[in-house]
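What follows is a set of notes on a single structure, which appears directly below.
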Amino acid sequence: MQVALEPFHEAYATGLAQPVADFLSPVAPARDPGRLYDFYRASSEDKLEGDVRYALKYNKSTRMTNKESGAWVDIIAAYWRAVKEIIKADEAVNQGKLNERQYVAVYDTWKDLTSSFIKHISAGLLPPWAIFTLYFTANHLRKIAIRADEQLAKSKPATLNTGYSDDIVSAVPQNQKLEEAARVFNRIFALCLGDRNPDMSESRKWGVYCIANLQFKTYFKLKAISLSKNVVRSIEAQSDLPTFELYPRAHRVTYKYYLGVLAFLQEDYAKAENSLQEAWESCYARSQRNKSLILTYLIPCRLITQHKVPTASLLAEAPRLQRTFGPLVSCIKRGDLTGFDKALADGEPEFVKRRIFLTLERSRDIALRNLLRKVYLAAGFDELKEGQTEKDRIRKSRIPLAHFAAALRMGTAGEGSGQVVEDDEVECLLANQIYKGLMKGYISRDHGIVVMNKKGAFPGTGV
Numbered sequence: 001m002q003v004a005l006e007p008f009h010e011a012y013a014t015g016l017a018q019p020v021a022d023f024l025s026p027v028a029p030a031r032d033p034g035r036l037y038d039f040y041r042a043s044s045e046d047k048l049e050g051d052v053r054y055a056l057k058y059n060k061s062t063r064m065t066n067k068e069s070g071a072w073v074d075i076i077a078a079y080w081r082a083v084k085e086i087i088k089a090d091e092a093v094n095q096g097k098l099n100e101r102q103y104v105a106v107y108d109t110w111k112d113l114t115s116s117f118i119k120h121i122s123a124g125l126l127p128p129w130a131i132f133t134l135y136f137t138a139n140h141l142r143k144i145a146i147r148a149d150e151q152l153a154k155s156k157p158a159t160l161n162t163g164y165s166d167d168i169v170s171a172v173p174q175n176q177k178l179e180e181a182a183r184v185f186n187r188i189f190a191l192c193l194g195d196r197n198p199d200m201s202e203s204r205k206w207g208v209y210c211i212a213n214l215q216f217k218t219y220f221k222l223k224a225i226s227l228s229k230n231v232v233r234s235i236e237a238q239s240d241l242p243t244f245e246l247y248p249r250a251h252r253v254t255y256k257y258y259l260g261v262l263a264f265l266q267e268d269y270a271k272a273e274n275s276l277q278e279a280w281e282s283c284y285a286r287s288q289r290n291k292s293l294i295l296t297y298l299i300p301c302r303l304i305t306q307h308k309v310p311t312a313s314l315l316a317e318a319p320r321l322q323r324t325f326g327p328l329v330s331c332i333k334r335g336d337l338t339g340f341d342k343a344l345a346d347g348e349p350e351f352v353k354r355r356i357f358l359t360l361e362r363s364r365d366i367a368l369r370n371l372l373r374k375v376y377l378a379a380g381f382d383e384l385k386e387g388q389t390e391k392d393r394i395r396k397s398r399i400p401l402a403h404f405a406a407a408l409r410m411g412t413a414g415e416g417s418g419q420v421v422e423d424d425e426v427e428c429l430l431a432n433q434i435y436k437g438l439m440k441g442y443i444s445r446d447h448g449i450v451v452m453n454k455k456g457a458f459p460g461t462g463v
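Using full-length UniProt numbering, read the sequence shown as starting at 1 and increasing by one per residue.
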C-alpha cells in the first residue's frame, strides 16, 4: 500500500485540491491505465485500514496531525471500496455480463466516499482546499448516478433516449440515484454557505459557486428547475460572501450561464441577456463548447430585446450554431416569412430540446419587419422641390396599405401554403409592428395608407 499511495503523498504535498482529486478519481490516468487495479491489489478488506494508516504514518513527505491522518484513512478506505466495485463493473462489461446492480454498487460506494469527505470537512479535520477536492468527488458522483439510473432504466420497461447529453436536456425517465445525489449536493452547499470561519482565506465559502453550479446541472437534468431558484435565493441572501469577481473565472462563467438560462426560461429576457453577456465576455476564448452553449440562449435573447440577428462570422465560430440558427437567420434577414415558418418547423425538435422554440417563434416579428421595410424602401423618394438638392431627398412617407398587403400575400404564399391574408389581418399586423416599436407611423384607414415617420420609420435599421 505504501507504493500505491505514493501518488497521494505527492499530490498532498502540493497543497492543491486538483492533484488530490486526480488521485481519488474513478478513472485511471492515461499515463498509468493500470493504476486502479494496482491500487486495489495493494490491500484487502480485512487489512485495508491498517495498511492505509501505516502508509500515511511512516511517510516522511506527508506531515499531518493524527486526527487529519485518521480522516484520510477513512476517505482512502472508502475510495478503495469504490475502486473495487468499479473494477467489478469494468470486468462485467468486458465479459458482456453487466447488470444494473453493479453500477448501483459503484454509485453506493462512491456516495459513501463523498459522505466521508463531508463528515471530515464538517469536523474541521481536513485542509481548507479539501472543499474543492470534495467538489470533484461530488461531480463524479453525479456522473456515476446518471450511469446507474440508465442501467436501472434498461432493466425495466421504460423508454430511454440518451442521444443528447446536455445538462439542459434530460431524456432519462427514471432518476432515482441522481435524486439521491442531489440531496448529497444540498448538504455540501449548506456546508459551504454556513461556514462561519472569520479567516476568509480558510473559508469554505469559496466553494459556494462551484457547488451551486453542480446543483444547477443536477436540477436541470432532473427537470426540477424550480429548485435552482432556491439556490440563487440562498446565495443572494448572503451578505458575507467574498466579492464575486474574486472567485475563479470558471465558477463565475458557469454560474452566470445558468443564471441567464433560468431568467430565459422565466421569459425575463433583459435579465437573461445581462447574465449571458457577462458569461460570454468572461468565457475563455478557446472554450468553444462553452461559448456555443452560451450563444444558444444569448442569440434568441438578442432577437427579442434588441431585434438583432447574429452575424455570419459569429455563427461560423461553431458548426452547431450554424446548423441551429443559420436557416432561420437567413430568412429573418430576407424577410422571408414562408422560409421562416419552414425553418422553424424543420428545427422544431432541436429547438424544443433546447427550450428556445417559443422564443424563436416570436422572432417572426423581425422577419415581418424586414419584409415591410423592403416595401418602404421600394416606394422610393419624394420629388425634389425648388431649391432642394440630392442631400435634401426624403423617402416617401405615405405608403398605400395595398402595397403592404401585396408584399404580405407574396411573402406568405409559399409553395402549397394555402394561406390567404385578408385586409383586416394586414392592418392588424401593421398595428402590432407599430405597437411593438418595430416601425413608426400610423394607419389612416380613411385614406387606405400608412403614414410613416420621416425620421426613423424602422428604428435600428438605418431608415
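We put the beta carbon where it would ideally sit given N, CA and C, even for glycine. Being a predicted model, the structure only gives us computed values, none of them experimental.
Whole angstroms are fine: how far does the CA of residue j sit from the CA of residue i?
i      : j      : result
Gly462 : Leu337 : 22 Å
Asn453 : Leu303 : 23 Å
Phe458 : Ile399 : 14 Å
Tyr103 : His120 : 26 Å
Glu422 : Ala407 : 12 Å
Leu56  : Arg187 : 29 Å
Gly460 : Gly326 : 22 Å
Phe244 : Glu348 : 37 Å
Glu180 : Lys221 : 13 Å
Phe136 : Asp22  : 9 Å
Asp195 : Arg204 : 6 Å
Arg320 : Cys283 : 18 Å
Asn274 : Gln266 : 14 Å
Phe340 : Leu276 : 25 Å
Ala11  : Ser61  : 11 Å
Thr65  : Val208 : 27 Å
Pro249 : Glu427 : Contrary to the premise, residue 249 reads as Arg rather than Pro in this sequence. Spanning the two alpha carbons is a distance of roughly 51 Å.
Val172 : Tyr219 : Its pLDDT being 43, under 50, Val172 is placed unreliably in this model, and the value from its coordinates should be taken loosely. Their Cα atoms are separated by approximately 13 Å.
Glu45  : Ser287 : 43 Å
Gly34  : Ser25  : 13 Å
Thr389 : Leu401 : 30 Å
Can you name, in chain order, every residue of its own chain whose Cβ lies under 8 Å from the Cβ of residue i, other than the five neighbours on each side?
i      : result
Thr109 : Ala78, Arg81, Ala82, Lys84, Glu85
Phe39  : Ala4, Trp80, Val83
Lys97  : none
Which stretch, first to last residue, makes up the alpha helix (DSSP H) that contains residue i?
i      : result
Tyr255 : 249-265
Val309 : No alpha helix (DSSP H) holds Val309; DSSP gives it neither H nor E.
Pro319 : 319-334
Gly387 : Looking at the DSSP string, Gly387 is not in any alpha helix (DSSP H), and its letter there is neither H nor E.
Glu422 : Segment: none, Glu422 is in no alpha helix (DSSP H) and carries neither H nor E.
Ala237 : Unbroken run through Ala237: none, as it is neither H nor E.
Tyr54  : 48-57
Thr133 : 130-154
Gly339 : 337-346
Gln95  : 66-95
Pro7   : 6-14
Ala279 : 269-282
Ile121 : 100-122
Ile211 : 208-221
Please return the same chain residues whose Cβ sits closer than 6 Å to the Cβ of residue i, not counting the five positions on each side in sequence.
i           : result
Ala105      : Glu85
Asp346      : none
Arg53       : Val73
Gly414      : Reliability of the predicted coordinates at Gly414 is poor, the pLDDT of 49 falling under 50, and the value obtained from them is presented with this limitation in mind. So the list reads Thr338, once near-sequence residues are dropped.
Leu125      : Lys67, Glu68, Ala71
Val375      : His403, Phe404, Ala407
residue 476 : Residue 476 falls outside the range modelled here, since the chain spans only 1 to 463, and no answer is possible.
Ala13       : Ser61
Asn59       : His9
How far does the beta strand (DSSP E) with residue i in it extend, from its first residue to its last?
i      : result
Tyr442 : 441-444
Val451 : 449-452
Only counting the same chain, and skipping five residues up and downstream in sequence, which positions put a Cβ closer than 7 Å to that of residue i?
i      : result
Ser397 : Val451, Met452, Lys454
Lys333 : Val309, Asn370
Leu48  : Ala77, Trp80
What residues match up with residue i in a beta bridge as DSSP calls it?
i      : result
Pro400 : Ile449
Phe381 : Arg395
Less than 8 Å between the CB atoms is what I'm expecting for residue i and residue j, so what's the real figure, rounded?
i      : j      : result
Tyr297 : Val329 : No, Tyr297 and Val329 are not in contact; Cβ-Cβ is about 15 Å, not under 8 Å.
Ala279 : Tyr257 : 4 Å
Leu214 : Arg142 : 7 Å
Ala378 : Cys331 : Wrong, their Cβ atoms sit about 19 Å apart, outside the cutoff.
Cys301 : Phe264 : 6 Å
Gly411 : Gly335 : 7 Å
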